[in-house]
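Enquirer:
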Amino acid sequence: MSVTELRPRTPAEAALVSLAEAAGTDEDARSAAIEALRREGLPHRRIEAWHYTDLRNLIGRRLGKATGLDAPAGSACDDDVLSPLVAGSTVVDLEAPEDTSAPDGVTITASNDLADWHESPNHLDRPLDTVRLVNAAFGARVAKVAVAANTAVAAPIELRDGIGARPHAAVAATVGTASKAVFVERIEGGGSPAPASRVSHLTIGDGATVLWIIDQAKDSDAAYLGQLNVNIGANATFKLFVLNAGGSLVRQEVHAVTAGEGSEILMRGVNLLQKDQHVDVTTTLRHTFPHTTATETFRNVVTGGHGVFQGMIKVAKDAQKTDAKMACNTLLLSEDGDFSAKPELEIFADDVQCGHGATAGAINADHLFYLMSRGIPAPQAKALLVKAFVDEMVEELEVEAAIADALTGKIDAWLDHSH
Amino acid sequence: MPAVQETIDQVREIDVDQYKYGFETLIEMDVAPKGLNEDIIRLISAKKSEPEWMLAWRLEAFERWKTMESPNWARVDYPPIDFQDIHYYAAPKSMSGPTSLDEVDPEILRTYEKLGIPLREQEILAGVVKPAAGEEDDGLLAAPSGSRVAVDAVFDSVSVATTFKKELEKAGVIFMPISEAIREHPELVKKYLGSVVPTSDNYFATLNSAVFTDGSFVYVPKGVRCPMELSTYFRINERNTGQFERTLIIADEGAYVSYLEGCTAPQRDENQLHAAVVELVAMDDAEIKYSTVQNWYPGDKQGKGGIYNFVTKRGDCRGKNSRISWTQVETGSAITWKYPSCILRGDNSRGEFYSIAVSNGRQQIDSGTKMIHLGKNTTSRIISKGISAGNSNNTYRGQVSANRRAANARNFTQCDSLLIGNDCGAHTVPYIEAKNATAQFEHEATTSKISDDQLFYCMQRGIPEEEAIALIVNGFVKDVIQQLPMEFAVEAQKLIGISLEGSVG
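Chains as they are written, first to last, in the UniProt record's numbering: chain R, 1 to 419; chain F, 1 to 505.
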């Protein structure tokens, strides 16, 4: 299909564009992005990168029944109620980042720039990227966070939406050579008719170590489009943890690319799904330099709703000795839920070790029997097995106890609530 | 040691410029004018003396095709096809519907002989079943002693000969060109044609429905185990022709049939289109085993010429406990776009897909399977081995899905890729869709060179390095080779250039 072809706009697409136009008084700055959104429309299932998340249809349904949602809701986090994920974090209000009292070696500034929407992460089969386009059309301004070289930032930097503002944010984070930092993307809040969005760019300097946590716990009526773009320097370490435990329509993209030899990538994620949710995690990992290592594992617990995992490992011709593994494991706990996985490999170098595995199924009957034969009643035994299944993701991150405890705490809260 | 010498040599043996079936048979042909329109479809239908309903079916498909767009989701790249620049019908002039081998142009028989298909020999042997040894006559399809293969050979647009027809009839098996079946068994054709791959299925299947010229028809009645392997050999000979064959195989309750398919074409600078449709129907307790050795002309080193192999193959496990198994060895074609699939409709049905895809030169392969679990307790197994060399791209694309009602569906998928050289690509695109909580899916894919551990293991047991590598490469494709009927295993072995010796077990 020709990507430039003009097709009639659906009512949902037209409605989204009007919402974008009404999303603030700064329409001039956003007009090009709004125009592009009008021209491109929304992706649908015949666009390969959105095969399992037919955004045009899903947003259409959402806007169709959006009568209760049309107030541009106070969607963002309420600082008074919400304590940081990890105690002692530096909390950045992305609506007013300059107000943050930044720790030594960290500069946090506001800017008037929209996140760049002219370029698309290269695997997407549309000339313009939907998440970036929505983000810019709704006027997200880039907050800049810079960690100087040779700086170990002790406290995590938590990035959250401003109070009562529009739920669209953009972040440009850089971590200097040989520095260490932890970032937490805190994504909370209620529904607005249009999906909320966040586009982040993270540049990791040579030899630096970064842990980036995406903690998405939107209200059950909220739609959210998130994108993290990562550039990983030579001999740098990038760890990622994605926790999806909320939202009604969620798409979280992660696009990582190596920018030097010897980098190490560790991506872990847990998707917890309930009835009526649609949660999509789409990742691309591009190995463009030799001797890089990556492991990527996502675990999904489905008690209802629709789950999607699309993962792609790309190995360029020059990226010899790449060692990349990807896995997606799903526990289906209910007849109401389904899960679709598309773990892709695209390999152009011949001396590499790449693999992916995907499983889907119910709780292992042997494991259940083992526990029950030791006197543990079935519901508790099941809960135990589910917890072990997802907690493993946190363990494999190998991070300090405070962070691991915060993550398992969030997971436990969801499990307690849903069982 | 990314470039394993042994493997490189083996693959080079079947490299594109080593194509040995590239000769052309010079005989007078009866060729329809170029172009695609209603008149051509009427002409094809008339040439085949088809009943009115068949023509109506074709024309309806053509109407639909005109509204469709060529698919572009596969990882293959080719210039737009000019569908008006193709002959949709070509038949050797000397015969329009031979009744026995004697009426077949000897030139054609010689062609098939060169290809190793012993039409005449088998005809002579028909009825004179000699379980004796010493049948080491000619080449590729030479069966081990005592075993025989019934062959339907399709030359461009017509089927030139079907052997062993009489003996098959005795068992109640119908094996004939589909054009003949449309005339002689219209009730069966009407009932099953398009019931697995509907005319609206996809761009190339719809095109095929409008213009298909020949192919095989097999019906195995209730409780009959087909007494021999059935085989079709397809050959594109005429320049600028497209081959659009249609195969329909029905195994009625409790029946069993094993079907083999082989393909070759002359070397030409132009690309030629091959858009086939294969439909399999397995009723209760029936089993169909379908094996393909696809060796269409792959084009030259620079990627000039070669066959575009755009094929829709689908099996429908319609009955309980039915079973369909696809085995394919893909070494030819400039572009392959092919996904032999199983619809597991009947409870306890089973689908299998075994594939070896070797790409070299500028070949592009985008192939895989679909296992659609609809019934309860359905199981499927996918084993795919891709070997890419030269400047080729080799993609596995497969879908496994479990419907809400497919309780206890079970799938195991393994797709492994081996890269030889640094100018080729190996890709894996699986789609795994679980809509039932009791479904259990496992998918595994690896891409690698030969592992040092395996090599070390062999070598420390005293096997020299070269031999150890050969052993490991043999092991890489063994799972699939083992699934091939004996007759094809021999050919597949030659094609892949990888000996089975030493990898028994």
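Using N, Cα and C, we set each Cβ at its ideal position, and we do this for glycine too. In this text, all values refer to a predicted model and were calculated from it rather than measured experimentally.
Between the stretch 341-361 of chain R and chain F, which residues of the former have CB atoms less than 8 Å from a CB of the latter, in chain order?
Expert: Flagged, chain order: Ala341, Lys342, Pro343, Glu344, Leu345, Glu346, Ile347, Phe348, Ala349, Asp350, Asp351, Val352, Gln353, Cys354, Gly355, His356, Gly357, Ala358, Thr359, Ala360, Gly361.
Enquirer: Does Thr330(R) get closer than 8 Å to chain F when you measure Cβ to Cβ?
Expert: With 8 Å as the cut-off, Thr330(R) counts as an interface residue toward chain F.
Enquirer: Just to make sure I have the definition right: I need the residues of chain F whose C-beta is within less than 9 Å of the C-beta of Ser334(R). Which are they?
Expert: Correct list: Ala437.
Enquirer: Under the rule that 16 or more other beta-carbon atoms within 10 Å means buried, what is Glu433(F), buried or exposed?
Expert: Answer is buried; the Cβ neighbour count reaches 16.
Enquirer: Note the first and the last residue of the continuous alpha helix (DSSP H) segment covering Arg379(R).
Expert: Reading off the sequence, residue 379(R) comes out as Pro, not Arg. It spans 378-397 - the alpha helix (DSSP H) in which Pro379(R) sits, taken as one unbroken run.
Enquirer: Give the secondary structure of His367(R) by DSSP, where H, G and I count as helix, E and B as strand, and everything else as coil.
Expert: Helix, per DSSP.
Enquirer: I want to verify the contact list: residues of chain B whose CB lies under 8 Å from the CB of Glu48(R), in sequence order.
Expert: Among the protein chains of the structure shown, namely R and F, there is no chain B.
Enquirer: Let me make sure I understand the geometry here. Which of Lys321(R), Ala324(R), Thr284(R), Val279(R) has the alpha-carbon closest to that of Val302(R)?
Expert: For Val302(R), the nearest C-alpha among the options comes from Val279(R).
Enquirer: Where Thr331(F) and Asp214(F) are concerned, what is the direct C-alpha to C-alpha distance, given to the nearest angstrom?
Expert: Straight-line Cα distance between these residues: approximately 23 Å.
Enquirer: Quick one: measure Cβ to Cβ for Gly423(F) and Gly390(F), integer angstroms, because I've assumed they're closer than 8 Å.
Expert: According to the sequence shown, residue 423(F) is Asp rather than Gly. About 7 Å separates the two Cβ atoms, so the contact holds.
Enquirer: Apply the 10 Å Cβ neighbour rule to Trp53(F) and answer buried if 16 or more other Cβ atoms are within range, or exposed otherwise.
Expert: It counts as exposed.
Enquirer: Using the rule of at least 16 other Cβ atoms within 10 Å of the residue's Cβ for burial, across every protein chain shown, is Gly386(F) buried or exposed?
Expert: So Gly386(F) counts as buried.
Enquirer: Determine the closest residue to Ile383(F) out of Ala153(F), Gly305(F), Asn411(F), with distance taken between C-alpha atoms.
Expert: That would be Asn411(F), whose Cα lies nearest to the Cα of Ile383(F).
Enquirer: Counting only the same chain and skipping the five closest in sequence on each side, list residues whose C-beta sits under 6 Å from that of Lys325(R).
Expert: Taken in chain order, the residues that qualify are Thr295, Gly355.
Enquirer: Kindly indicate if chain F contains any beta-carbon less than 8 Å away from that of Phe339(R).
Expert: At least one chain F Cβ lies under 8 Å of Phe339(R).
Enquirer: Counting along the chain, where does the alpha helix (DSSP H) carrying Thr258(R) start and finish?
Expert: Note, Thr258(R): premise wrong, no alpha helix (DSSP H); beta strand (DSSP E) at 249-258.
Enquirer: Where DSSP assigns a beta bridge to Met176(F), which residues make up the other side?
Expert: According to DSSP, which records beta bridges pairwise, Met176(F) is partnered with Phe217(F).
Enquirer: If contact is defined by three or more beta carbon pairs under 8 Å, each pair taking one atom from either stretch, is the stretch 280-289 of chain F in contact with the stretch 241-251 of chain F?
Expert: They touch, by the three-pair rule.
Enquirer: To the nearest whole angstrom, what separates the beta carbons of Thr12(R) and Ala137(R), a pair I think is in contact under 8 Å?
Expert: A quick correction: the sequence has Ala, not Thr, at residue 12(R). In fact, because the Cβ distance is near 15 Å, the residues do not count as touching under 8 Å.
Enquirer: Taking only the alpha-carbon atoms, compute the straight-line gap between Ala49(R) and Lys48(F) and give it to the nearest angstrom.
Expert: Between Ala49(R) and Lys48(F), the C-alpha separation is close to 45 Å.
Enquirer: Quick one: is Phe389(R) buried, meaning 16 or more other Cβ sit within 10 Å of its Cβ, or exposed?
Expert: Phe389(R) should be labelled buried.
Enquirer: Would you kindly work out how many angstroms separate the C-alpha atoms of Ala178(R) and Gly260(R), rounded to a whole number?
Expert: Using only the alpha carbons, I get a separation of about 14 Å.
Enquirer: Rounding to the nearest angstrom, what Cα-Cα distance links residue 553(F) and Val311(F) in this structure?
Expert: Past the boundaries of the shown model lies residue 553(F); chain F is included only from 1 to 505, so the question cannot be answered.
Enquirer: Please list the residues of the stretch 316-330 of chain R that have a C-beta atom closer than 7 Å to any C-beta atom in chain F, keeping them in chain order.
Expert: Hits within the stretch, in order: Lys317, Thr330.
Enquirer: Spell out whether any CB of chain R is found under 8 Å from the CB atom of Asn422(F).
Expert: Yes, Asn422(F) lies at the interface with chain R (some Cβ there is under 8 Å from its Cβ).
Enquirer: Are Ala406(F) and His373(F) close, meaning C-beta to C-beta below 8 Å?
Expert: Contact: yes.
Enquirer: Would DSSP call Ile47(R) helix, strand or coil?
Expert: Coil.
Enquirer: On the criterion of 16 or more Cβ atoms from any shown chain inside 10 Å, does Arg61(R) qualify as buried, or is it exposed?
Expert: Result: exposed.
Enquirer: Which first and last residues belong to the alpha helix (DSSP H) in which Lys289(F) is found?
Expert: Not the alpha helix (DSSP H): Lys289(F) falls in the beta strand (DSSP E), residues 287-294.
Enquirer: Counting C-beta neighbours from all protein chains within 10 Å, is the total for Glu63(F) 16 or more, i.e. buried, or is it exposed?
Expert: Burial call: exposed.
Enquirer: Taking the alpha-carbon positions, what's the Gly262(R) to Leu211(R) distance?
Expert: Gly262(R) and Leu211(R): Cα-Cα distance of roughly 17 Å.
Enquirer: Since His369(R) and Cys328(R) should fall inside the 8 Å C-beta cutoff, what is the C-beta to C-beta distance between them, to a whole number of angstroms?
Expert: Looking at the sequence itself, residue 369(R) is Phe, so the reference to His does not match. Incorrect: roughly 26 Å between the Cβ atoms, too far for contact.
Enquirer: I need the boundaries of the alpha helix (DSSP H) containing Ile463(F), first residue and last residue.
Expert: Here Ile463(F) belongs to no alpha helix (DSSP H), and DSSP marks it neither H nor E.
Enquirer: Which residues mark the beginning and the end of the beta strand (DSSP E) in which residue 506(F) is found?
Expert: Missing from the structure shown is residue 506(F); chain F here goes from 1 to 505 and no further.
Enquirer: How many Å lie between Val278(F) and Val31(F) at the Cα?
Expert: Roughly 24 Å between the two C-alpha positions.
Enquirer: What is the rounded straight-line gap between the Cα of Leu140(F) and the Cα of Gly223(F)?
Expert: Here Leu140(F) scores only 32 on pLDDT, less than 50, and its place in the model should not be relied on; the value that follows carries that caveat. Near 31 Å, if we compare the C-alpha coordinates of Gly223(F) and Leu140(F).
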